[in-house]
Amino acid sequence: MTALFIVLSLLLLLVVIFQVAKINQLTADLTDPEFHIERTSNTNGKAMLLFGVVFLGSVIWSAMFYANRMLGYGPLKSASEHGYAIDSMFNMTLLFTGIIFVICHILLFWFAYRYRYTKGRKVLFFVNDNRLELLWTAVPALVLTILIIKGLVTWNEVMADVKKDEAFLEVEATGWQFAWNLRYPGKDGKLGVKDFRMIRPGVNELGQDWTDVRNHDDFNADELVLPKGKKVRVRITARDVLHNFYLPHFRVKMDAVPGIPTYFIFTPVKTTDEFRQELRKYPEYQMPSDPADPNSKLKWETFNYELACAELCGKGHYSMRRVVRVVSPEEWEVWNASQKSHYLTNVRHSDDDPFKGQPLESEALLKAAALKDMLANAFKSGSADDAARTLQLDNVYFETGSAALNKISDHALEILYQAFVDYPNLSVEISGHTDSTGDANANISLSEERAVAVKSFLTGRGIAGSRIATKGLGPNRPVAENDTEEGRRRNRRIEFKILKF
Ligand SMILES: [Cu+2]
4 MTALFIVLSL LLLLVVIFQV AKINQLTADL TDPEFHIERT SNTNGKAMLL
54 FGVVFLGSVI WSAMFYANRM LGYGPLKSAS EHGYAIDSMF NMTLLFTGII
104 FVICHILLFW FAYRYRYTKG RKVLFFVNDN RLELLWTAVP ALVLTILIIK
154 GLVTWNEVMA DVKKDEAFLE VEATGWQFAW NLRYPGKDGK LGVKDFRMIR
204 PGVNELGQDW TDVRNHDDFN ADELVLPKGK KVRVRITARD VLHNFYLPHF
254 RVKMDAVPGI PTYFIFTPVK TTDEFRQELR KYPEYQMPSD PADPNSKLKW
304 ETFNYELACA ELCGKGHYSM RRVVRVVSPE EWEVWNASQK SHYLTNVRHS
354 DDDPFKGQPL ESEALLKAAA LKDMLANAFK SGSADDAART LQLDNVYFET
404 GSAALNKISD HALEILYQAF VDYPNLSVEI SGHTDSTGDA NANISLSEER
454 AVAVKSFLTG RGIAGSRIAT KGLGPNRPVA ENDTEEGRRR NRRIEFKILK
504 F
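Numbering (our numbering), first residue to last: 4 to 504.
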């Protein structure tokens with residue numbers, strides 16, 4: 004309401020000023036028209052000059068005032084390698100247009116003042132000058148040629164795909180209304196194949212084909228975590244409408260188009276922490292991050308790189324924000340290793356798993372790594388209680404109904420072999436267990452044979468047989484219910500009990 008009154012009052016004031024000016028002019032025209040024209044031209048000319056100076060001054064002042072808030076200047080220098088090339092292009096364009104702007108601006112207002120109406124001064128009629136025509140055609144053409152050539156060279160450098168045999172990290176970003184799915188390739192460094200016909204919301208968001216083993220270690224992340232100094236190739240795609248993969252601090256921006264995969268390659272050169280330390284030097288970032296709470300953390304402390312969708316893709320568009328975290332390569336390795344594969348945690352042994360009930364190389368490798376940690380812990384704790392010293396080897400696989408070791412078991416058995424080498428006094432008991440299906444006596448002898456098969460593997464590698472006792476317990480010591488397939492699978496196992504070391 005107050006605002007409305009202010010606007011109305013200002014309007015009224017303008018009308019009053021206009022009417023007064025009109026009366027003034029009418030009286031002046033009646034007294035001495037010629038003198039009046041010269042006088043108003045004088046006033047207008049000076050006003051033009053004043054406006055020119057104030058306007059140019061304001062432009063320069065505002066450019067300096069906002070410099071630290073613009074990408075490419077002050078604290079917001081590029082955080083990626085190619086970003087500097089893009090910023091330098093903007094600066095070059097700004098330089099040329101800036102020079103033209105200042106010259107034109109000064110001339111425009113100076114001329115308006117200098118050549119204002121003066122009694123008796125004649126206008127010069129200037130028809131044509133070929134040299135002048137040539138000059139103002141050639142100069143802009145030259146400048147544009149420089150800008151375009153530089154632009155093309157930069158474009159080709161920035162958009163060049165990775166070379167064959169070049170090391171890079173591939174990440175996939177899939178946009179939909181309204182989220183980003185960020186998929187990492189896992190240990191094999193390769194993203195598995197997808198098929199849109201396999202998309203099932205909530206179950207298989209990307210339509211990953213589980214028969215492709217490269218999919219088995221792929222994982223999805225809530226934030227984009229990248230190692231500093233490593234080339235990153237982002238595969239960009241969308242599931243519904245146009246989105247746009249935008250990382251402003253890295254000068255990365257690419258459309259995410261349904262059906263047409265696009266990509267962007269860049270190398271982050273500053274970790275999040277390093278970028279924060281740079282922001283810290285500027286007073287703009289020394290303010291509390293929450294204006295309502297003076298004790299909140301400072302802006303530079305809470306800064307994060309971000310991924311946004313730069314396409315107005317719908318009403319939930321704003322929620323397509325993800326935090327981007329750049330860390331040292333060592334930290335990244337730790338993070339990468341700690342992530343859980345989507346297949347192994349959500350799909351494995353479900354009805355969607357084409358390898359349901361079968362051993363898998365990729366899984367055996369992961370379990371072997373876990374076994375190594377379990378062994379190290381058992382030795383470290385030194386505890387004599389059975390639970391801490393008994394390891395469940397659910398990654399030793401046999402052919403169905405036989406004691407023949409599956410080749411995939413080697414990953415786990417190698418770890419056990421190494422433990423015997425590292426601890427020369429180690430002696431263990433290896434026991435075989437089965438589920439409750441079938442004849443109990445047959446199961447007991449099968450479990451005994453399986454325990455012996457593990458022993459044979461180890462003695463075959465030179466470990467003394469006296470260090471390994473074997474036992475077959477059949478279905479007598481289940482670790483899970485036998486009425487589900489998952490329970491039976493867990494019960495079919497080899498136990499490795501450390502007796503002494
Ligand atoms: Cu979007």
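Every residue, glycine too, gets a C-beta built ideally from N, C-alpha and C. From a predicted model like this one, the values you see are computed outputs, not experimental measurements.
query                                                                                                                             : result
Top-ranked residue by Cα proximity to Tyr288, from Cys107, Pro78, Thr148                                                          : Pro78
Distance CB(Asp225)-CB(Gly189) smaller than 9 Å                                                                                   : no
Any alpha helix (DSSP H) of 4 or more consecutive residues that is wholly inside the region 403-491                               : 413-425, 443-463
Sequence-distant residues of the same chain with beta carbon closer than 6 Å to Lys193, five excluded per side                    : Arg217
Residue range of the unbroken alpha helix (DSSP H) whose run includes Lys519                                                      : Residue 519 is absent from the model: the chain starts at 4 and stops at 504.
Distance cut-off 8 Å: Phe181 Cβ against heavy atoms of ligand 1                                                                   : yes
Which of helix, strand or coil DSSP assigns to Gln395                                                                             : strand
Length at least 3, wholly inside the region 151-232: the beta strand (DSSP E) runs in chain order                                 : 172-179, 182-187, 222-224, 227-230
Cutoff 6 Å; reference Met290; Cβ partners in own chain excluding five residues on either side                                     : Lys302
Cβ-based neighbour list, Thr43, same chain, cut-off 7 Å, excluding 5 preceding and 5 following                                    : none
Three-way DSSP call (helix, strand, coil) for Met323 in this model                                                                : coil
Distance cut 6 Å, beta-carbon to ligand 1 heavy atom: residue list by chain order                                                 : Gly178, His246, Cys312, Glu314, Cys316, His320, Met323
Enclosing alpha helix (DSSP H) for Tyr69 [first to last residue]                                                                  : 36-69
C-alpha distance - Ile418 paired with Thr214, whole-angstrom precision                                                            : 28 Å
Environment of Leu294 [buried if 16+ CB atoms lie within 10 Å]                                                                    : One point to set straight first is that residue 294 is Pro, not Leu, in the sequence displayed. Answer is exposed; the Cβ neighbour count stays below 16.
Contacts around Trp113, its chain only, beta-carbon distance under 6 Å, and the 5 residues preceding and following it disregarded : none
Option in Asn298, Phe423, Ser12, Leu396 with minimal Cα separation from Ser469                                                    : Phe423
Three-state class that DSSP yields for Val562 in the structure shown                                                              : The structure shown does not extend to residue 562, since the chain spans only 4 to 504, so no value can be given for it.
Separation of Lys153 from Tyr285, as counted between CA atoms                                                                     : 32 Å
Cβ contact check for the region 322-333 and the region 268-278: 3 or more pairs under 8 Å                                         : yes
Residues bridged to Pro251 (per DSSP)                                                                                             : Pro251 is not bridged to any residue.
Close beta carbons around Lys3, own chain, < 6 Å, minus the five adjacent residues each side                                      : Within the shown structure, residues of the chain are numbered from 4 to 504, placing residue 3 beyond reach of any answer.
Supposed close pair Val455, Ile497 - CB separation, criterion 8 Å                                                                 : At roughly 11 Å, the Cβ-Cβ gap does not stay under 8 Å, so Val455 and Ile497 are not in contact.
Ala31, DSSP secondary structure in three states                                                                                   : helix
Val228 beta carbon less than 9 Å from that of Ile268                                                                              : no
Validate contact between the region 98-106 and the region 307-320 using beta carbons, cut 8 Å, 3 pairs                            : no
Val272 - DSSP class collapsed to helix/strand/coil                                                                                : coil
Cβ-based neighbour list, Thr504, same chain, cut-off 7 Å, excluding 5 preceding and 5 following                                   : The sequence shown places Phe at residue 504, not Thr. Excluding residues within five positions, the ones whose Cβ falls inside 7 Å are Phe382, Tyr426, Asn428, Leu429.
Collapsed DSSP secondary structure at Leu1 in the structure displayed                                                             : This structure cannot settle anything about residue 1, because the visible part of the chain is limited to 4 through 504.
Where Glu41 falls, given that 16 or more other Cβ within 10 Å makes a residue buried                                              : exposed
Where Tyr116 falls: helix, strand or coil (DSSP)                                                                                  : helix
Helix, strand or coil at Leu74 [DSSP, three-state]                                                                                : coil
Span of the alpha helix (DSSP H) around Glu287                                                                                    : Segment: none, Glu287 is in no alpha helix (DSSP H) and carries neither H nor E.
Segment contact flag, the region 246-263 with the region 46-61, C-beta cutoff 8 Å, min 3 pairs                                    : no
N-terminal and C-terminal residue of the beta strand (DSSP E) that Phe528 is part of                                              : The chain is shown from 4 up to 504; residue 528 falls before or after that span and cannot be answered.
Collapsed DSSP secondary structure at Thr265 in the structure displayed                                                           : strand
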